[in-house]
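Data first, discussion second: the structure below is written as structure tokens.
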Amino acid sequence: MHDITQAARRVLTTALGMTLGATLLAPNTSAAQSAPPTPPKPASAKPAAPKPATASQDTTKRRPSGALGSQAGDRHLAFRGTGSDLDSLWPPKMPTYAANALLPNKRIIAFYGNPLSTRMGILGEFEPQEMLRKLDEEVAEWNKLDPKTPVQPALHLIAEVANPHPGPSGKYRTRMDSAMIEKVYGWAKSRNAVLFLDIQIGTSTLQEELPWIEKFLMRPDVHLGIDPEFAMKRTGGIPGKRVGSYDAEDINVAIRFLGNLVEKHNLPPKVLVVHRFTQRGLTNYKNIKLDPRVQVVIQMDGFGAPWLKRDSYYSYVKKEPVQFAGWKQFTKPKNDNPRTSREAILRLWPVPLYIQLQ
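According to mature numbering (1 follows the signal peptide of the UniProt record, and there is no 0), the sequence shown holds residues -31 to -1, 1 to 327 in order.
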């Protein structure tokens, strides 16, 4: 294991120059072609009398159908009840979970980042006690807004950071040391929060990277996040220079790994968060094999205007149902401007049960 040393800290600082907050990409659209003009009808000597309305005719004003894009507004197809044919796909068929599973009975509100950087997310942007105070406030707001779904607070630590250069491992990634993970775990425990360990594997594989955090994942309150953006094995290229990808086969590797830990150590079901903001970020989603020991969240990643984020949520979460849905909120205006309101997030269908603040 290449734990982070003073030299590795410099490596991490360099890595922070990459675009670690994914830029949101709009789904592909194509302009509709105009129909040829209809030739004019010959003039009639006597205008036709209007036909009387019958019971079979709907003379009421119809509600506009849903839409995508910047002009969709409240009719956006990512919202519930706007006429999307995809609404009926949710919730998808899924296994029966143990009573102590987090989802769907709770909503996870997670602060994301790394203590070594103020740029990677809110977890490292503030001093620990200030950050935890903000987490308390966010949890209280969500509990007030949706009391039927109690909040499970969480810290989401980037435990392995992708690099733009190979580093000592040759894998374009830097692992945080155990002391840091234990420190953040202690912060989480102080708020009865769970901890997510997020890994950006570079040119490595999940088979190689998951074992080094196994000792933490054996704990009942530690879960996993994986980031296709920085998984380069399938796409080639360098992290930060090209967007990576996971296939369903990779997701199944993580599911099996977590499921085996749950069974071996008699743990509550694990939550697996998969970030996504492009079409190729997750391929062959229908081949993901659900497991009663693991709960899979596909999280809409990336930043942008609210309508653009809803477009991506529609295309990469709603349109390709896996299991549970997640949403990322950026806290800085330069990323999310304006920021999507909590009320608007609750209007989405499926309703996100994992919400990450970066």
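For each residue, glycine too, the CB sits at the ideal point set by N, CA and C.
Alpha helix (DSSP H) segment containing Trp156, residue limits: Residue numbering aside, residue 156 sits at position 187 when the sequence shown is read from its first letter. Trp156 -> alpha helix (DSSP H) spans Ser147 to Lys158.
Pairwise C-alpha distance: Ile150 and Ile267: The residue you call residue 267 lines up with position 298 of the sequence shown. The residue you call residue 150 lines up with position 181 of the sequence shown. If I take the Cα positions, the gap works out to 24 Å.
Per DSSP, the bridge partner or partners of Arg44: As a first step, residue 44 must be located in the sequence shown, where it is residue number 75. In DSSP, Arg44 forms no bridge with anything.
Integer-rounded CB distance, given that Gly194 should sit under 8 Å from Leu166: Walking along the sequence shown from the start, residue 166 turns up at place 197. Walking along the sequence shown from the start, residue 194 turns up at place 225. Their Cβ separation, rounded to whole angstroms, is 7 Å, which keeps Leu166 and Gly194 in contact under 8 Å.
Under 8 Å between C-beta atoms of Val130 and Gln169: As a working note, residue 130 is residue 161 in the sequence shown. As a working note, residue 169 is residue 200 in the sequence shown. Going by C-beta atoms, Val130 is nearer than 8 Å to Gln169.
Contact the segment 97 to 108 vs the segment 72 to 83: 3+ CB pairs below 8 Å: yes
Member of Val243, Phe246, Asp216 and Phe299 whose CA lies at the smallest distance from the CA of Asn253: Within the sequence shown, residue 253 is the residue found at index 284, counting from 1. For the residues Val243, Phe246, Asp216 and Phe299, the minimum Cα distance to Asn253 belongs to Asp216.
For Gly50 and Gln121, the rounded distance between their alpha carbons: In the sequence shown, residue 121 corresponds to position 152, counting from 1. In the sequence shown, residue 50 corresponds to position 81, counting from 1. Computed Cα separation, rounded: 27 Å.
Test item: CB-CB of Ile324 and Arg76 under 8 Å: Position 355 of the sequence shown holds residue 324. Position 107 of the sequence shown holds residue 76. Yes.
7 Å CB neighbourhood of Ala67 in its chain, flanking five on each side removed: Within the sequence shown, the letter at position 98 stands for residue 67. Result list for Ala67: Pro237 and Pro238, in chain order.
Continuous beta strand (DSSP E) stretch holding Lys239: start and end: As a working mapping, residue 239 is identified with position 270 in the sequence shown. Start and end: Lys239 to Arg245.
Alpha-carbon spacing of Ser310 relative to Leu114, whole angstroms: Position 341 of the sequence shown holds residue 310. Position 145 of the sequence shown holds residue 114. Taking the straight line from one Cα to the other gives about 11 Å.
8 Å contact criterion, which Leu179 and Ala123 should meet: CB distance rounded: Stepping through the sequence shown from its first residue, residue 179 is reached at position 210. Stepping through the sequence shown from its first residue, residue 123 is reached at position 154. At roughly 20 Å, the Cβ-Cβ gap does not stay under 8 Å, so Leu179 and Ala123 are not in contact.
Sequence-distant residues of its chain with Cβ nearer than 6 Å to Ile224 (five each side left out): Position 255 of the sequence shown holds residue 224. Correct list, in chain order: Asp260 and Val263.
Distance, Leu72 Cα to Asp56 Cα: For this step, residue 56 is matched to residue 87 along the sequence shown. For this step, residue 72 is matched to residue 103 along the sequence shown. If you take the alpha carbons of Asp56 and Leu72, they lie about 20 Å apart.
Limits of the unbroken beta strand (DSSP E) element including Val291: Against the sequence shown, residue 291 aligns to sequence position 322. Taken as a continuous stretch (DSSP letters only), Val291 belongs to no beta strand (DSSP E), as it is neither H nor E.
DSSP three-state assignment for Ile170, whether helix, strand or coil: Stepping through the sequence shown from its first residue, residue 170 is reached at position 201. Reduced to three states, the DSSP call for Ile170 is coil.
Separation of Lys210 from Thr172, as counted between CA atoms: What you label residue 172 is simply residue 203 of the sequence shown in a count that begins at 1. What you label residue 210 is simply residue 241 of the sequence shown in a count that begins at 1. Rounded to whole angstroms, Thr172 to Lys210 spans 13 Å at the Cα level.
Residues near Val265 in its chain [Cβ-Cβ closer than 6 Å; skip 5 each side]: Your numbering for residue 265 matches position 296 in the sequence shown. Taken in chain order, the residues that qualify are Leu241, Val291 and Gln292.
Contacts around Pro63, its chain only, beta-carbon distance under 7 Å, and the 5 residues preceding and following it disregarded: In the sequence shown, residue 63 corresponds to position 94, counting from 1. Sequence check: residue 63 is Met here, not Pro. Result list for Met63: Leu259 and Gln292, in chain order.
In DSSP terms, what residue 361 is bridged to: Nothing can be reported for residue 361: it is not among the residues displayed for the chain, which extend from -31 to 327.
Asp115 - DSSP class collapsed to helix/strand/coil: Along the sequence shown, read from residue 1 onward, the residue named residue 115 stands at position 146. Three-state result, Asp115: coil.
Simplified DSSP state of Ala217, which is helix, strand or coil: Working through the sequence shown from its first residue, we reach residue 217 at position 248. Correct three-state label for Ala217: helix.
Alpha carbon of Gly155 to alpha carbon of Gln98, nearest angstrom: What you label residue 155 is simply residue 186 of the sequence shown in a count that begins at 1. What you label residue 98 is simply residue 129 of the sequence shown in a count that begins at 1. Computed Cα separation, rounded: 12 Å.
Span separating the alpha-carbon of Leu37 from that of Leu277: To locate residue 37, count along the sequence shown from 1; it is residue 68. To locate residue 277, count along the sequence shown from 1; it is residue 308. Answer to the nearest angstrom: the Cα atoms are 9 Å apart.
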